[in-house]
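K.L.:
In our numbering, the protein residues as written are 659 to 1141.
Beta carbons are placed, not taken as given, at the ideal position from N, Cα and C, and that holds for glycine.
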Amino acid sequence: MDSVKIAKNTLSLSGLQIFIKALSVLWTFYLARRLGVASYGLWANILALVSIFGVLQGLGTLNLVVKDVSQDPGVSRKYYGASLGVYMAASILALALIIGSGWALGYSGEKIILLSVAGLSFLCSAPGLASQAILHGHGDFLLYAGIYAMGMILYMVLGGVFVESGHGVIGIFLALCIGYAAMGIVLVWKTVRKYGAPVFEGSFSQARSLVRLGFPLVLSAVLVELILRADRLLITHFRGEAAVGLYHAAFNLVYLPREIVLIPFLTAVYTPLCAHYVKDMERFHRLFEQTCVMLLLVALPIAFIVPLFGTDIIRLLYGEKFLESGKILSILIWMVPPFFLACAWQNILIMLNRTGTYLWTNFSGMAFNVALNLFLIPKWGVVGAAMSAVITQTAMMVLLFWMLRDLSLLGFLKRIHGLTGAAVLAGAFSYLLAKTFPFAGRFSWIAFACAGGALYGLLVWRFKVLHGNEMEWLKARLRFLRV
C-alpha cells in the first residue's frame, strides 16, 4: 500500500512540475511575440547573467538539510534558522556579484538597473527556498510544489499586465520579485504552522558547517551554468541583443528535454544506483546500462528529426520575426544526446564522492566552451555559438568516459547501433515525406515528424534494442499513466 501511495504522489508531483514547465514555455513564447527580437534578447541576456549566479542560493546546502531533517525531524527548527541565514546571505552575495559583473562587462545604466531588479528576486525568494528544505525533509513535496506553482502563476499574470501596459523588461522582473515574495510569505507561514518557528541560537555554526560541505557542489553548479549561458553574454558583446534573442529562442526548445525527461529520470534512478553500487555491482552495471539506453532512446530521435523542421517549429511557436532561429535550432538540437549522457555520468562522480574530479571536469568544460565561443562567435555569430555548444557537450561526454574508464560503464555501446539506425531511418522517412508532399499544408510537418517518430518506435521494437524487462517497464509506465 505504501508503494502505491508513493507512486501516486510521485505521479502527482511530476504532473504538477510538467504543468509549471508548460506554463513557463508558453510564457516565453508570449514574451518573444510581445517584446520583439531585440527586447527579448535583452531579457535573455539579463536572465543569463542572473542565472549564472542564481545557483549560489543556498550554497549547495539544500540536499544536506533535506537529508538531516528526514533522518531526525527533531532538528527541523534549528536547521530552519540556519537555512534562512544561509539563503539570505547567499542572495546578498549573488546580488553583489551580479551587479559587479554588469559593471565589469561594461553594461549601461539601464541594464544595471535591470540586473539589480532581477537580482532582488533572490532576496524575495530566499525565505521560501529555506522553507523548501524543511518541507522536503518532512516529505511535503506537493505542498511546496503547489505553492510554488501559485507563485509562478502570479508572476506570469502580473508580468503580462506589466508588458501589456508598456513596462517591458523591467516590468517582467518586478513581477518576478512580487511572485517570489508572495510565495515566500505563504511558505514560511505554512512551514512555521506545521513544524515550528525557526531557532536562530547556534545557527551560525550550523550554517557554516553546511556551507563547508556544500561548497564544492555549488561551485560546480556555477561552472555548469557558465557552460550553458556564457554564450548569451558573448553573443551580446560581439553581435548585439537581437542576435541573443534569436539564439535564446532556439536554446529554450533544446533545454526542454532536460526539464521534462532528463532531470526526472536521473532523479528516479540515482538512489537505486547508489544502493546497487554498494550491494550488487552486477545490478549496478545493468541499471546504468539501462539508464544510458533509455536516455538515448529519447535523445536520438530528437536529434535526427527536429533539425528537419527547425524553421517550421520556430514559425509555429515564436512567429515570423524569429525565423532565423530555425537554423540555430537545427544545429543546437544535436547537443541533446551527448548532454544526456554527460549528465548521467556526472551523477556517477557525485555518487562516488569524487567531487574534486566533478569540479575539475566542469571547469575544463567551461574553459573550453568560453575559448571556443571567443573563436567561433566573431566568425559565424549565433551559428558559431550553436556549434560551440554541441562541440562542448560532446567533448564533456568523451572526457567523462575517459575519467570513469576504470568502472567499465560502456556496456550500453553494444546497443547504440540499433538505436542510431532506427533514429537515422526515422529521420530519413520524415525527410522523404516532407520532400514528396511539399505542399500538403502549413502544419503537415507535424504529421511527417509524428510519422517518423512512429517508425522509430517500430524499428526499436523490430531491432530488439530493448530487453524484455525494459519493454515491460515501459508498458507498466504507460498503463499507470492511464489509470
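1) Does the distance from the C-beta atom of G837 to that of G854 stay below 8 Å?
2) In chain order, what residues of the same chain lie with their CB nearer than 7 Å to the CB of I756, ignoring the 5 residues before and after it?
3) Going by DSSP, what residue range makes up the alpha helix (DSSP H) through E883?
4) What whole-angstrom Cβ distance do F1070 and V951 have, given they're in contact under 8 Å?
5) Is the number of C-beta pairs between the region 957-964 and the region 1099-1112 that are closer than 8 Å three or more?
6) Tell me the DSSP secondary structure of K679 in three-state form.
7) Would you check if there are 3 or more beta carbon pairs closer than 8 Å linking the region 1029-1038 to the region 969-989?
8) Which ranges does the alpha helix (DSSP H) cover as unbroken runs of at least 4 residues, wholly within the region 958-1037, from first to last along the chain?
9) What separation, rounded to the nearest whole angstrom, lies between the Cα atoms of V857 and V815?
10) So, does the region 937-946 touch the region 984-994, judging by three or more C-beta pairs under 8 Å?
11) Can you give me the Cβ contacts of I676 inside the same chain, cut-off strictly under 7 Å, excluding the 5 residues immediately before and after it?
12) Give the list of continuous alpha helix (DSSP H) stretches no shorter than 4 residues that lie fully inside the region 914-959.
13) How is the alpha helix (DSSP H) around T1078 delimited, first residue to last?
14) Would you check if the distance between the CB atom of V727 and the CB atom of H796 is smaller than 8 Å?
15) Looking only at its chain, what residues have a beta carbon closer than 7 Å to the beta carbon of T969, apart from the 5 residues adjacent to it on each side?
16) Which residues mark the beginning and the end of the alpha helix (DSSP H) in which K1122 is found?
17) Could you give the distance in angstroms between the alpha-carbon of S661 and the alpha-carbon of L693?
18) By how many angstroms is the C-alpha of P915 removed from the C-alpha of L1091?
19) With three or more beta-carbon pairs closer than 8 Å as the criterion, would you say the region 1005-1012 touches the region 714-726?
20) I need the DSSP call for V1062, collapsed to helix, strand or coil.
21) For V733, does the three-state DSSP call read helix, strand or coil?
22) Helix, strand or coil: how does DSSP classify L787 here?
23) Where R870 and S1066 are concerned, what is the direct C-alpha to C-alpha distance, given to the nearest angstrom?
24) Beta-carbon separation of P959 and A1084 under 8 Å?
25) Looking at V1048: is its Cβ nearer than 8 Å to the Cβ of L1077?
26) With a CB to CB cut of under 7 Å and the five nearest residues on each side skipped, what residues in its chain are close to W1103?
27) Rounding to the nearest angstrom, what Cα-Cα distance links W847 and G732 in this structure?
28) Helix, strand or coil for S823, going by three-state DSSP, please let me know.
29) According to the neighbour-count rule (16 or more other Cβ atoms, all chains shown, within 10 Å of its Cβ), is P785 buried or exposed?
30) Please report how far the alpha carbon of R851 lies from the alpha carbon of G860, in whole angstroms.
31) Pick helix, strand or coil for G854, following the three-state DSSP scheme.
32) Can you have a look at R1120 and say buried or exposed, based on whether 16 or more other CB atoms are within 10 angstroms of its CB?
P.N.:
If we stick to the structure as given:
1) Reading the sequence shown from its first residue, position 179 is the one you call residue 837. Reading the sequence shown from its first residue, position 196 is the one you call residue 854. Inclusion of G837 and G854 in the CB contact set at 8 Å is not warranted, their separation being larger than that value.
2) If you number the sequence shown from 1, residue 756 lands on position 98. Excluding sequence neighbours, I756 sits near L707, V708, F711, L773, G777.
3) One-based indexing of the sequence shown puts residue 883 at position 225. For E883, the enclosing alpha helix (DSSP H) has its first and last residue at 861-897.
4) Residue 1070 sits at position 412 when you count from the first residue of the sequence shown. Residue 951 sits at position 293 when you count from the first residue of the sequence shown. Separation of the CB atoms of F1070 and V951 is rounded to 5 Å, and the pair is thereby assigned contact status at 8 Å.
5) Yes, the region 957-964 touches the region 1099-1112.
6) As a first step, residue 679 must be located in the sequence shown, where it is residue number 21. Reduced to three states, the DSSP call for K679 is helix.
7) Output reads no: the region 969-989 does not touch the region 1029-1038.
8) Fully enclosed alpha helix (DSSP H) runs of 4 or longer: 968-976, 983-990, 994-1009.
9) Locating residue 857 in the sequence shown gives position 199, counting from the first residue. Locating residue 815 in the sequence shown gives position 157, counting from the first residue. Using only the alpha carbons, I get a separation of about 36 Å.
10) Segment contact: the region 937-946 against the region 984-994, fewer than three CB-CB distances shorter than 8 Å; contact not assigned.
11) Within the sequence shown, numbered from 1, the residue matching residue 676 stands at position 18. Closer than 7 Å at Cβ, skipping near neighbours: I918.
12) Listed in chain order, the complete alpha helix (DSSP H) runs (minimum 4 residues) inside the region 914-959 are 921-937.
13) Mapped onto the sequence shown, residue 1078 falls at position 420. Counting along the chain, the alpha helix (DSSP H) containing T1078 begins and ends at 1074-1094.
14) One-based indexing of the sequence shown puts residue 727 at position 69. One-based indexing of the sequence shown puts residue 796 at position 138. Contact flag set, yes.
15) Taking the first residue of the sequence shown as position 1, residue 969 is located at position 311. Spatial neighbours of T969 in its own chain (CB-CB distance under 7 Å, excluding positions within 5 residues in sequence) are listed in chain order as L981, G984.
16) Working through the sequence shown from its first residue, we reach residue 1122 at position 464. Premise fails: K1122 is in no alpha helix (DSSP H) and is neither H nor E.
17) Position 3 of the sequence shown, counting from 1, holds the residue named residue 661. Position 35 of the sequence shown, counting from 1, holds the residue named residue 693. Reliability of the predicted coordinates at S661 is poor, the pLDDT of 38 falling under 50, and no value is obtained from them.
18) Stepping through the sequence shown from its first residue, residue 1091 is reached at position 433. Stepping through the sequence shown from its first residue, residue 915 is reached at position 257. Each residue's alpha carbon lies about 25 Å from the other.
19) Too few Cβ pairs lie closer than 8 Å, so no.
20) One-based indexing of the sequence shown puts residue 1062 at position 404. Looking at the sequence provided, one finds Leu at residue 1062 rather than Val. In this structure, L1062 counts as coil in the three-state DSSP scheme.
21) As a first step, residue 733 is located in the sequence shown; it is residue number 75 there, counting from the start. Correct three-state label for V733: helix.
22) Against the sequence shown, residue 787 aligns to sequence position 129. DSSP places L787 in helix when its eight states are reduced to three.
23) Here residue 870 refers to the residue found at position 212 when the sequence shown is read from its first residue. Here residue 1066 refers to the residue found at position 408 when the sequence shown is read from its first residue. CA-to-CA, the gap between R870 and S1066 works out to about 32 Å.
24) Residue mapping note: residue 959 aligns to position 301 of the sequence shown, counting from 1. Residue mapping note: residue 1084 aligns to position 426 of the sequence shown, counting from 1. Yes, the Cβ-Cβ distance between P959 and A1084 is below 8 Å.
25) On the sequence shown, position 390 is the one that residue 1048 refers to. On the sequence shown, position 419 is the one that residue 1077 refers to. Judged by their CB atoms, V1048 and L1077 are not nearer to each other than the 8 Å cut-off.
26) In the sequence shown, residue 1103 corresponds to position 445, counting from 1. Sequence-distant Cβ neighbours of W1103 in its own chain, meaning closer than 7 Å and more than five residues away, are F967, D970, A1092.
27) By one-based count along the sequence shown, residue 847 stands at place 189. By one-based count along the sequence shown, residue 732 stands at place 74. Going from the Cα of W847 to the Cα of G732 covers about 19 Å.
28) Taking the first residue of the sequence shown as position 1, residue 823 is located at position 165. Collapsing the DSSP output to three states places S823 in coil.
29) Numbered from 1 along the sequence shown, position 127 holds the residue referred to as residue 785. The residue is buried, with at least 16 neighbouring Cβ atoms inside 10 Å.
30) If you number the sequence shown from 1, residue 851 lands on position 193. If you number the sequence shown from 1, residue 860 lands on position 202. Each residue's Cα considered, the two are about 22 Å apart.
31) On the sequence shown, position 196 is the one that residue 854 refers to. Collapsing the DSSP output to three states places G854 in coil.
32) Here residue 1120 refers to the residue found at position 462 of the sequence shown. Exposed is the call here.
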